[in-house]
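Participant: Submitted below is the structure of interest, expressed as structure tokens.
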Amino acid sequence: MTTSQERIIPTDLRNEMSQSYLEYAMSVIVGRALPDARDGLKPVHRRILYAMHELGLAPDRPFRKCARVVGEVLGKYHPHGDTAVYDALVRMAQDFSMRSPLINGHGNFGSIDNDPPAAMRYTECRLQALTTESMLRDIDSETVDFADNFDGSQQEPLVLPARIPQLLLNGSSGIAVGMATNIPPHNLGELIDGTIALIHNPEITNKELRQYIPGPDFPTGAQILGVSGIKDAYNTGRGSITMRGVANIETIQHRGRPDKEAIIITELPYQTNKAALIEKIAELVNDKRIDGISDIRDESDRDGMRIVIELKRDAYPRVVLNNLYKQTPVQSNFGANMLALVNGEPKLLQIKEFLEIFLDFRIDVITRRTRYELRKAEERDHLLQGLLIALASLDEIIRIIRSSADSATARQELIDSFGLSEAQSDAILQMQLRRLTALEAEKIQQEHEYLQAQIADLKDILARRERILEIIETELNDIKNKFATPRRTQIEHSEGEIDETDLIANEKAIILLTKQGYIKRMPVNTFEAQNRATRGKAGTKMKDNDMVEHFLTCCDHDKVLFFSERGVVYCLNAYQIPMSSRTAQGSAIVQLLPIPHDEKITSIVPVSEFSDDEYLVMLTQDGYIKKTALSVFNNIRANGLIAISLEEGDQLRWVRRATAEDSIIIGSSNGIAIHFKTDDSQLRPLGRNTRGVKSMKLAKNDRIISMDIIPSQLTALMSDQEEEEADQDDVDLENQEEETEIADQVGQMVLILTTGGLGKRVPVNKFRLQKRAGKGIKAIKFRNPDDRLAALRVVNEDDEFIIVTSRGIIIRQVAKAISCQSRAAGGVRVQRLDPDDAIVAVALVPPSGEDQESAEEQE
Numbered sequence: 001m002t003t004s005q006e007r008i009i010p011t012d013l014r015n016e017m018s019q020s021y022l023e024y025a026m027s028v029i030v031g032r033a034l035p036d037a038r039d040g041l042k043p044v045h046r047r048i049l050y051a052m053h054e055l056g057l058a059p060d061r062p063f064r065k066c067a068r069v070v071g072e073v074l075g076k077y078h079p080h081g082d083t084a085v086y087d088a089l090v091r092m093a094q095d096f097s098m099r100s101p102l103i104n105g106h107g108n109f110g111s112i113d114n115d116p117p118a119a120m121r122y123t124e125c126r127l128q129a130l131t132t133e134s135m136l137r138d139i140d141s142e143t144v145d146f147a148d149n150f151d152g153s154q155q156e157p158l159v160l161p162a163r164i165p166q167l168l169l170n171g172s173s174g175i176a177v178g179m180a181t182n183i184p185p186h187n188l189g190e191l192i193d194g195t196i197a198l199i200h201n202p203e204i205t206n207k208e209l210r211q212y213i214p215g216p217d218f219p220t221g222a223q224i225l226g227v228s229g230i231k232d233a234y235n236t237g238r239g240s241i242t243m244r245g246v247a248n249i250e251t252i253q254h255r256g257r258p259d260k261e262a263i264i265i266t267e268l269p270y271q272t273n274k275a276a277l278i279e280k281i282a283e284l285v286n287d288k289r290i291d292g293i294s295d296i297r298d299e300s301d302r303d304g305m306r307i308v309i310e311l312k313r314d315a316y317p318r319v320v321l322n323n324l325y326k327q328t329p330v331q332s333n334f335g336a337n338m339l340a341l342v343n344g345e346p347k348l349l350q351i352k353e354f355l356e357i358f359l360d361f362r363i364d365v366i367t368r369r370t371r372y373e374l375r376k377a378e379e380r381d382h383l384l385q386g387l388l389i390a391l392a393s394l395d396e397i398i399r400i401i402r403s404s405a406d407s408a409t410a411r412q413e414l415i416d417s418f419g420l421s422e423a424q425s426d427a428i429l430q431m432q433l434r435r436l437t438a439l440e441a442e443k444i445q446q447e448h449e450y451l452q453a454q455i456a457d458l459k460d461i462l463a464r465r466e467r468i469l470e471i472i473e474t475e476l477n478d479i480k481n482k483f484a485t486p487r488r489t490q491i492e493h494s495e496g497e498i499d500e501t502d503l504i505a506n507e508k509a510i511i512l513l514t515k516q517g518y519i520k521r522m523p524v525n526t527f528e529a530q531n532r533a534t535r536g537k538a539g540t541k542m543k544d545n546d547m548v549e550h551f552l553t554c555c556d557h558d559k560v561l562f563f564s565e566r567g568v569v570y571c572l573n574a575y576q577i578p579m580s581s582r583t584a585q586g587s588a589i590v591q592l593l594p595i596p597h598d599e600k601i602t603s604i605v606p607v608s609e610f611s612d613d614e615y616l617v618m619l620t621q622d623g624y625i626k627k628t629a630l631s632v633f634n635n636i637r638a639n640g641l642i643a644i645s646l647e648e649g650d651q652l653r654w655v656r657r658a659t660a661e662d663s664i665i666i667g668s669s670n671g672i673a674i675h676f677k678t679d680d681s682q683l684r685p686l687g688r689n690t691r692g693v694k695s696m697k698l699a700k701n702d703r704i705i706s707m708d709i710i711p712s713q714l715t716a717l718m719s720d721q722e723e724e725e726a727d728q729d730d731v732d733l734e735n736q737e738e739e740t741e742i743a744d745q746v747g748q749m750v751l752i753l754t755t756g757g758l759g760k761r762v763p764v765n766k767f768r769l770q771k772r773a774g775k776g777i778k779a780i781k782f783r784n785p786d787d788r789l790a791a792l793r794v795v796n797e798d799d800e801f802i803i804v805t806s807r808g809i810i811i812r813q814v815a816k817a818i819s820c821q822s823r824a825a826g827g828v829r830v831q832r833l834d835p836d837d838a839i840v841a842v843a844l845v846p847p848s849g850e851d852q853e854s855a856e857e858q859e
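Mapping to full-length UniProt numbering: the sequence shown position 331 is 331, numbers consecutive.
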């Protein structure tokens with residue numbers, strides 16, 4: 001026998017304290033204070049709901065005493081104090097604490113004045129319909145794991161098979177050891193819409209989710225001021241959300257006395273104690289910290305809240321109200337801290353992560369439920385197959401049973417004679433005589449056929465993820481149709497927090513950048529469309545030896561990407577570029593972007609949306625080309641981002657947006673053009689830090705001068721043409737009818753302009769598709785030996801485009817005003833130029849909103 005001294009184990013006190021405290025802390029974090037991200041419940045709430053489910057307290061059953069429920073929870077699942085259990089039960093029944101209460105309470109369950117609930121022996125409860133439909137349904141179908149309770153005598157669920165994101169619906173608050181959680185409640189219908197949007201688009205962003213879930217929806221209504229706190233909470237998991245009660249200024253009439261102005265408060269911020277608020281206001285009035293209040297009273301009743309604050313005659317109601325906002329809980333902050341348990345560990349979650357965790361959990365629940373139903377169906381069908389065998393050989397079955405000494409012998413004889421299983425043999429022996437009738441036999445056959453179809457359907461669900469997602473969406477929509485309610489909390493923009501784009505009209509604009517680095521933005525309607533061969537008018541005032549180098553048209557809400565010669569991309573909102581008049585010089589671009597003084601911008605691209613289906617096609621001075629996903633450039637640092645890797649001496653010159661189905665047409669100064677596809681076989685996607693591949697073989701003294709994208713529809717049309725038709729030599733079009741016929745067949749043209757002011761449109765199908773890195777074909781025949789290709793753009797007949805010359809002259813024209821000619825033609829006069837002037841840039845005018853809607857309707 002060991003002595004007391006031998007039983008003593010020397011232990012380092014520091015290690016023992018550290019280990020013991022850590023175990024205690026984790027016990028509090030996991031077992032008490034933090035909710036599970038899957039069903040949104042803490043253990044005490046989960047145990048209460050499961051105990052009520054076990055007691056049969058369904059919405060259509062009579063109420064039962066809360067003491068009965070508390071005793072059930074304490075005795076079976078939650079070995080803590082009865083006060084903790086009853087307080088949790090009461091909170092789940094309070095409509096001012098839960099956005100969608102999970103328990104239906106009967107009796108005094110407290111009030112917004114912080115009145116305590118009646119004792120548990122007086123109050124009664126049962127489950128809400130929402131709880132049984134969305135939290136406890138399918139719990140008996142092996143959808144979740146169970147574990148032993150505290151003494152091993154019972155089994156309790158580790159999580160409930162929630163059909164809705166309950167954690168966001170009703171929120172949660174709790175203080176653990178070294179951490180806390182405070183999640184605001186939300187609107188059920190909005191949460192379901194956001195979850196369905198995530199199902200349809202797994203790549204949806206937090207910003208896009210806010211279109212479906214604009215913010216919290218508190219059970220007490222009130223207002224949320226500003227969206228910055230919501231953005232922070234949804235994007236980072238932490239944010240301060242400003243709440244403000246609803247107050248109106250009214251005139252109160254008194255008999256025999258003059259009328260008075262009064263502030264009427266009808267809604268309070270979430271978790272604000274009404275009685276304490278009234279006491280606080282009275283205290284501030286007595287301390288003369290708020291002036292102008294003559295009386296305050298609570299006129300709230302069963303129809304709603306009404307706090308009346310009467311004002312003195314000489315008081316300014318708006319000033320008094322602002323003081324109430326500043327000094328009382330009429331305006332308060334909700335400190336969102338979106339912390340929850342994920343795989344048993346606390347984690348700070350963004351709004352999308354909440355929904356992703358719930359969706360993954362829901363997929364697992366549907367999968368487990370389907371497997372359970374499949375197993376049950378197969379077991380039942382197995383027995384039916386045995387009964388059908390028995391009905392087919394009924395006389396032999398009866399003979400075997402009558403000749404057997406006992407049931408065990410009969411069972412074994414049936415197994416040996418007909419190859420049945422033990423379960424099938426038992427089912428035959430237990431079959432009642434009435435099931436031998438023809439009608440009963442037909443029912444067995446019908447049930448067998450039904451189960452066969454059900455088994456096939458269940459196997460299909462397990463084999464296809466999209467079927468599971470369809471089931472989840474259907475169940476969510478059913479719950480939304482039954483239980484969704486309108487939003488109670490209104491989200492108001494506070495001063496200084498209105499999005500800048502909400503204050504700026506999304507007008508079409510011209511952005512112009514000169515060689516010496518001056519940039520300006522002008523409305524497109526500054527330049528009306530003019531006839532062909534006019535001189536145009538000055539578009540900007542420039543210094544000596546300066547000239548327009550880059551030019552584009554966009555909308556004011558677009559992002560504008562600036563690509564420098566060394567392959568770095570910068571970003572500005574279009575409206576951040578100062579608006580200027582035609583005769584103004586503009587602003588130095590170095591004042592808007594952190595560009596070194598010795599670096600030049602070589603390409604500008606407007607982007608309205610960073611789609612995953614689009615690419616940026618980049619072409620360098622030496623002819624290297626590559627495409628990179630547009631989404632890569634969604635978040636560009638203030639000091640820029642590397643877009644392409646360049647060889648020494650090379651420069652990035654052209655950047656265009658394209659899809660994988662489009663094609664590229666590149667033009668050289670000598671009037672040569674090459675046309676090839678942008679698909680992965682010709683141009684596979686590359687990352688930012690890559691150089692690209694060769695685009696075109698150039699003759700001596702030739703250089704690349706322009707690049708544009710041909711839409712996928714025209715690329716497909718070109719691919720379908722016969723090779724010999726594409727290779728045939730062009731001839732001049734004889735008359736306008738033939739020009740129109742070709743334009744109608746192709747739909748779009750290639751607009752070709754020379755530095756000398758000549759131009760033409762050529763049908764796209766005259767530029768056959770080639771392999772990348774080829775020599776190309778002739779695009780124009782120059783009339784003047786000194787003339788060179790200035791621009792090559794793909795246009796529609798009704799497109800408007802703007803031409804800019806080196807001296808800053810701008811002209812706006814319609815594409816159909818330029819005649820349609822062959823590749824071998826020399827073009828017509830598009831703009832009259834001074835001897836020392838030349839065309840340097842061409843940009844298409846973006847369609848207006850009405851034009852875009854009309855185009856979509858035609859498609």
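For each residue, glycine too, the CB sits at the ideal point set by N, CA and C.
Is it buried or exposed for Val845, if we count other Cβ within 10 angstroms and need 16 for buried?
Facilitator: Classified as buried, Val845 has 16 or more neighbouring CB atoms from the shown chains inside 10 Å of its CB.
Participant: Could you please give the first and the last residue of the uninterrupted beta strand (DSSP E) stretch that includes Pro258?
Facilitator: 257 to 267 is the span of the beta strand (DSSP E), which, as asked, contains Pro258.
Participant: Which whole-angstrom value describes the C-beta separation of Ala643 and Lys694, a residue pair presumed to lie in contact below a C-beta threshold of 8 Å?
Facilitator: The Cβ separation is near 19 Å, so there is no contact.
Participant: Under the DSSP definition of a beta bridge, which residues are partnered with Ala340?
Facilitator: Lys347, per the DSSP bridge assignment.
Participant: Give, in chain order, every unbroken run of the beta strand (DSSP E) that is at least 3 residues long and sits entirely within the region 562 to 622.
Facilitator: 568 to 573, 601 to 607, 615 to 620
Participant: Indicate the three-state DSSP secondary structure (helix, strand or coil) for Glu54 in the structure shown.
Facilitator: helix
Participant: Assign Leu198 to one of three DSSP states: helix, strand, or coil.
Facilitator: Here Leu198 carries a helix assignment [DSSP, helix/strand/coil].
Participant: Let me check understanding here. Comparing Cα to Cα, which of Met749, Ala825, Arg788, Arg823 lies closest to Glu800?
Facilitator: Met749
Participant: Compare the beta carbon distance of Leu641 and Val569 with 7 Å and say whether it is the shorter of the two.
Facilitator: yes
Participant: Between the beta-carbon of Arg823 and the beta-carbon of Lys760, is there less than 7 Å?
Facilitator: no
Participant: Could you tell me whether the region 35 to 42 touches the region 160 to 169, using the rule of 3 or more Cβ pairs below 8 Å?
Facilitator: yes
Participant: Using CA atoms only, rank isn't needed, just tell me which of Asn337, Met92, Thr437 is closest to Gln350.
Facilitator: Asn337
Participant: Using the Cα positions of Ile366 and Thr143, report the straight-line distance between them to the nearest angstrom.
Facilitator: 7 Å
Participant: To which residues of the same chain is Leu391 closer than 6 Å at the C-beta, ignoring the five residues directly before and after it?
Facilitator: Ala441
Participant: Whole angstroms is fine: what's the gap from Leu733's alpha carbon to Val814's?
Facilitator: Any reading at Leu733 is ruled out, since the residue's pLDDT is 41, under 50, leaving its predicted position unreliable.
Participant: Considering only their Cβ atoms, is the gap separating Thr628 from Leu646 smaller than 7 Å?
Facilitator: no
Participant: Give me whichever residues DSSP pairs with Glu156 in a beta bridge.
Facilitator: Paired residue(s): Ala147.
Participant: CB Arg46 to CB His78, shorter than 7 Å?
Facilitator: Judged by beta-carbon spacing, His78 lies beyond the 7 Å limit of Arg46, meaning their Cβ atoms are not closer than that value.
Participant: Determine the direct distance from the alpha carbon of Asn323 to that of Asp287, and round the result to whole angstroms.
Facilitator: 14 Å
Participant: Report the three-state DSSP secondary structure of Gly649 (helix, strand or coil).
Facilitator: coil
Participant: Check each candidate in Ser141, Ala147, Pro101, Thr236 and name the one with the smallest Cα separation from His186.
Facilitator: Pro101
Participant: Report all residues from its chain with a CB closer than 6 Å to the CB of Lys260; omit the five preceding and five following residues, and keep chain order.
Facilitator: Taking C-beta separations shorter than 6 Å and ignoring five residues to either side along the sequence, the partners of Lys260 in its chain run Ile252, Glu310, following chain order.
Participant: For Thr131, which residues of its own chain have a beta-carbon under 6 Å away from its beta-carbon, when the five flanking residues on both sides are left out?
Facilitator: Leu102
Participant: What do you get for Asn670, buried or exposed, if any count of 16 or more other CB atoms within 10 angstroms of its CB means buried?
Facilitator: buried
Participant: Return yes when the Cβ of Glu396 is within less than 7 Å of the Cβ of Ser404, no when it is not.
Facilitator: no
Participant: Which of helix, strand or coil does DSSP assign to Leu388?
Facilitator: The answer is helix: DSSP assigns Leu388 an H, G or I state.
Participant: Can you determine whether any heavy atom of the ligand MG sits closer than 6 Å to the C-beta of Pro79, and answer yes or no?
Facilitator: Among the components modelled here there is no ligand, and therefore nothing to report on the ligand MG.
Participant: So, at 7 Å on beta carbons, what are the nonlocal neighbours of Asn201 in its own chain, with the 5 sequence-adjacent residues on each side left out?
Facilitator: none
Participant: If we call anything under 7 Å between Cβ atoms a contact, is Asp558 one with Ala574?
Facilitator: yes
Participant: In whole angstroms, give me the CA-to-CA distance for Ile504 and Phe96.
Facilitator: In this model, Ile504 and Phe96 are separated by some 40 Å (Cα to Cα).
Participant: How big is the Cα-Cα spacing for Asp613 and Leu833?
Facilitator: Taking the straight line from one Cα to the other gives about 41 Å.
Participant: Out of Gly221, Gly226, Ile249, Val227, which one is the CA nearest neighbour of Pro269?
Facilitator: Gly221
Participant: For Tyr86 versus Val73, is the C-beta distance shorter than 7 Å?
Facilitator: no
Participant: Can you grab the Cα-Cα spacing for the pair Gly808 / Leu751, in whole Å?
Facilitator: So the two alpha carbons sit approximately 21 Å from each other.
Participant: Could you round the C-beta distance between Gln331 and Thr242 to whole angstroms and report it? I think they count as a contact, below 8 Å.
Facilitator: 7 Å between Cβ atoms; contact.
Participant: Counting only the same chain and skipping the five closest in sequence on each side, list residues whose C-beta sits under 6 Å from that of Phe63.
Facilitator: In chain order, His106, Glu124, Arg126 place their CB closer than 6 Å to the CB of Phe63, counting only its own chain and leaving out the 5 sequence neighbours on each side.
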